[in-house]
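Inspection log for the structure reproduced underneath, given as structure tokens.
Numbering (my numbering), first residue to last: 14 to 384.
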């Protein structure tokens, strides 16, 4: 266990767009973390990207060697979703802490394997729910929890973008498609706003003619929660960008936008509408990736458990798997009752200044995500 005066040494596993655009610049904004290694199968990234950051590059075949090297304390796993489990499990079994991109895995079975490895090893595992450390979202979660908006009744959201089929997200099936990728945001938002877990799931999907995706590229999901509360969200890889949610309670209606995205110029905002009028709530941009890394490193240094742990990841996974089953069968899927032992706390909000992020044209050897 490093001392509190030390910095947690990270390896980033996979040098794709999210790593280059956000995590690698963001870690520089922390005061308790440093990037020391890159794991990649791309010789261009091994040369140029590692050189840009002054870090050592390791191939995927050298991953086990890196885990045993003593050079790192933690890994940030940002591979395609279907590769999360092997890299996360190997690190946890080696006693290396894991910051794992969402969704946690590409099946319930894989998620349970990751959670079992964490429990056996006693190392730290955090799922990278960056919005659990963004001040606007944390304020909404905590205000909803203490009843500021009254009894919450419904939630609706749209999160969409136009994704290039050539990107890895475009041709690796449901678990790399819009529901696990983008749907994780409204799903995680409503679970934390309601402070509860859904008990039934129904989904309808469509495939856009002339697009080459091998999954439903637009999906509408309806969730039933205890106490007769409902939630709906639509996600898409084949439309113009959209990002919003509406939360309706007995005292207030909340309209939030932007609410999910990140970037140096993106500040979360929401409008609170009551019988007395309307109030705008705006928040300065923060480095969401720096925030989550700062928080996770503090958990490692102080030997505390992160809030967005494997249990939080698994709670989302059970719903994402139910959406997949509903799309396959056309049926409403009933979920067993579940409860989360922890929720987002107000002191999780951090305020690290945004790092400058490279544009898609400036990133090294990636297939751009946007069409």
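Just so you know, even glycine gets a beta-carbon here, dropped at the ideal spot from N, CA and C.
- Enumerate in chain order the residues of its own chain whose CB-to-CB distance from residue 38 is below 6 Å, with the five nearest sequence positions on each side excluded. 368 and 370
- Assumed close pair residue 28, residue 51 - CB separation to whole angstroms, cut-off 8 Å: 6 Å
- Query: Is the segment 113 to 125 close to the segment 138 to 148, with three or more CB pairs under 8 Å?
  - Reply: yes
- Message: Which of the three DSSP states is assigned to residue 115 in this structure?
- Response: coil
- Query: Helix or strand or just coil, what does DSSP make of residue 294?
  - Reply: strand
- Query: What does a CB cutoff of less than 7 Å around residue 20 pick up in its chain, not counting 5 residues either side in sequence?
  - Reply: 45, 46 and 47
- Under a Cβ-count criterion, where at least 16 other Cβ atoms within 10 Å of its own Cβ denotes burial, should residue 310 be classed as buried or exposed? buried
- Query: Mind checking whether residue 313 and residue 86 have CB atoms under 8 Å apart?
  - Reply: yes
- Hey, is the segment 165 to 172 in contact with the segment 193 to 205, meaning 3+ C-beta pairs nearer than 8 Å? yes
- Would you mind sorting residue 182 into buried or exposed? The rule is 16 or more other CB atoms within 10 Å of its CB. buried
- Below 8 Å, can you find three or more Cβ-Cβ pairs linking the segment 248 to 259 to the segment 186 to 199? yes
- Limits of the alpha helix (DSSP H) - the one that residue 48 falls within: Element bounds for residue 48: not the alpha helix (DSSP H) but the beta strand (DSSP E), 46 to 52.
- Task: Return the first residue and the last residue of the alpha helix (DSSP H) that residue 301 is part of.
- Result: 301 to 315
- Message: Comparing C-alpha positions only, which one of 329, 242, 41 and 105 sits nearest to residue 164?
- Response: 242
- Kindly identify the DSSP beta-bridge partner or partners of residue 71. 52
- Message: Can you tell me which residues form a DSSP beta bridge with residue 257?
- Response: 171
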